[in-house]
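Novice: Next up is a structure, given as structure tokens.
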Amino acid sequence: MPLDEIRYHFRITVADLVRGVEAQGHLVPLHHREETLERFYLRVLAWALFWTPDLQIAPPTHDPDAPSLFADDPTGRKSAWIAVDPEDASSIGHALRHNRGATVGVAFSDRAALERFLATTRGVKGLETAEFLLVDEALLHELAGALDERRYDLAITVIEDHLYLQAGPRSFDGLFTRRRGIA
Numbered sequence: 005m006p007l008d009e010i011r012y013h014f015r016i017t018v019a020d021l022v023r024g025v026e027a028q029g030h031l032v033p034l035h036h037r038e039e040t041l042e043r044f045y046l047r048v049l050a051w052a053l054f055w056t057p058d059l060q061i062a063p064p065t066h067d068p069d070a071p072s073l074f075a076d077d078p079t080g081r082k083s084a085w086i087a088v089d090p091e092d093a094s095s096i097g098h099a100l101r102h103n104r105g106a107t108v109g110v111a112f113s114d115r116a117a118l119e120r121f122l123a124t125t126r127g128v129k130g131l132e133t134a135e136f137l138l139v140d141e142a143l144l145h146e147l148a149g150a151l152d153e154r155r156y157d158l159a160i161t162v163i164e165d166h167l168y169l170q171a172g173p174r175s176f177d178g179l180f181t182r183r184r185g186i187a
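In our numbering, the protein residues as written are 5 to 187.
And the structure:
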């Protein structure tokens, strides 16, 4: 019987020169067999790009209203709510309304996912306060095809709009865009 979820172990170093972040962490994300590896690695990169000390990768779920990454403040309220490739804007609008003061972000794996999302934004309020990322699709494909182990030491460096990733002896790089609001 195949496992539904596979546990990965990453020791990660993040250096984001734009945000002034230098951090190390141990990340243990779950990969569900129905999730593409591209989406899985997008969740890992989103963790680095939205990094805060308490940010966690949520277990894979089919609930469209659940965040892919989140952080809770000491009172139990969400301080970060991050979606990965959401189907429509209503879940982001819901997150913005119900998590006031939280960082709400969205990461997309390709331009087509972003375009599908943008087609659903009519009437959704507050999207101008969310942070949006679009990660290079070629980088995600390269990671999915090359990283075949469940344990890696990862070094992720962010310089302006460029991601550099070192996984053991392998090096990867690609572009991403970050902006506040959808305008």
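Think of the CB as a built atom: it goes at the ideal place given N, C-alpha and C, for glycine as much as any other residue. Treat the numbers as computed from the prediction; the structure is a model and nothing was measured.
Determine, for I10, whether the minimum Cβ-Cβ distance to residues of chain C falls below 8 Å.
Specialist: Structure shown: chain C not included; a single protein chain is present.
Novice: What is the residue span of the beta strand (DSSP E) that Y45 lies within?
Specialist: Note, Y45: premise wrong, no beta strand (DSSP E); alpha helix (DSSP H) at L41 to L53.
Novice: Between L118 and L138, which are expected to be in contact by the criterion C-beta below 8 Å, what is the C-beta distance as a whole number of angstroms?
Specialist: Yes, they are in contact, since the Cβ atoms of L118 and L138 sit about 6 Å apart, within 8 Å.
Novice: Between which two residues does the beta strand (DSSP E) harbouring G109 extend?
Specialist: From DSSP, the beta strand (DSSP E) with G109 extends over T107 to F112.
Novice: At what residue ranges does the stretch 58-140 contain a whole run of the beta strand (DSSP E), taking only runs of 3 or more?
Specialist: DSSP runs (the beta strand (DSSP E)) wholly in the stretch 58-140: 73-76, 82-88, 107-112 and 135-139.
Novice: Give the range of the beta strand (DSSP E) segment to which I163 is assigned.
Specialist: R155 to I163 is the extent of the beta strand (DSSP E) around I163.
Novice: Quick check: what's the CA-CA separation for W85 versus P173?
Specialist: If you take the alpha carbons of W85 and P173, they lie about 33 Å apart.
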